[in-house]
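Trainee: Okay, handing you the structure first.
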Amino acid sequence: MTRDDLFKINAGIIRDLAIGIATNAPKAFILVISNPVNSTVPIVAEVLKKHGVFDPKRYASQTAVSFPFH
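Throughout the sequence shown, residue numbering follows full-length UniProt numbering, covering 1 to 70 in sequence.
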C-alpha cells in the first residue's frame, strides 16, 4: 500500500470522525494520530472550522509514539 492509498482511505475516515465530533462533542479535546498525520491534521481543522467549533487549544497531533523499553 502506498502513502497515497493510505491517505485516500484515512482521509475519509478522519473527515467522518471530525464531522461527528463537531456535531456531537464540539468541546472535546482532539488528538490526531492517523497516518499520514501531516495530511490528516488539516482535514480535521477544516471540518471543525466549517462547523464553527475549531479551538486550537483543544486540538493536537502526534507524529511519533515513544514506548519505554525494559
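Cβ atoms here follow ideal geometry from the backbone N, Cα and C, with glycine treated the same way.
Beta strand (DSSP E) containing ILE33: first to last residue?
Mentor: As a position in the sequence shown, residue 33 is number 33, starting the count at 1. Premise fails: ILE33 is in no beta strand (DSSP E) and is neither H nor E.
Trainee: DSSP three-state label for ALA60, please.
Mentor: Residue numbering aside, residue 60 sits at position 60 when the sequence shown is read from its first letter. Strand.
Trainee: Measure from the alpha carbon of ASP55 to the alpha carbon of each residue in ASP5, ARG15 and ALA22, then state which is nearest.
Mentor: Locating residue 55 in the sequence shown gives position 55, counting from the first residue. Ranking the options by Cα distance to ASP55, first place goes to ALA22.
Trainee: Could you pull the start and end residues of the alpha helix (DSSP H) that ALA22 belongs to?
Mentor: For the purposes of this step, residue 22 is taken as the residue at position 22 of the sequence shown. From DSSP, the alpha helix (DSSP H) with ALA22 extends over 3–24.
Trainee: What does the alpha-carbon distance come out to for the pair LYS49 and MET1?
Mentor: Here residue 49 refers to the residue found at position 49 when the sequence shown is read from its first residue. Here residue 1 refers to the residue found at position 1 when the sequence shown is read from its first residue. Between LYS49 and MET1, the C-alpha separation is close to 31 Å.
Trainee: Is the beta carbon of VAL47 sitting closer than 9 Å to the one on ILE19?
Mentor: The residue labelled residue 47 in the question sits at position 47 within the sequence shown. The residue labelled residue 19 in the question sits at position 19 within the sequence shown. VAL47 places its beta carbon less than 9 Å from that of ILE19.
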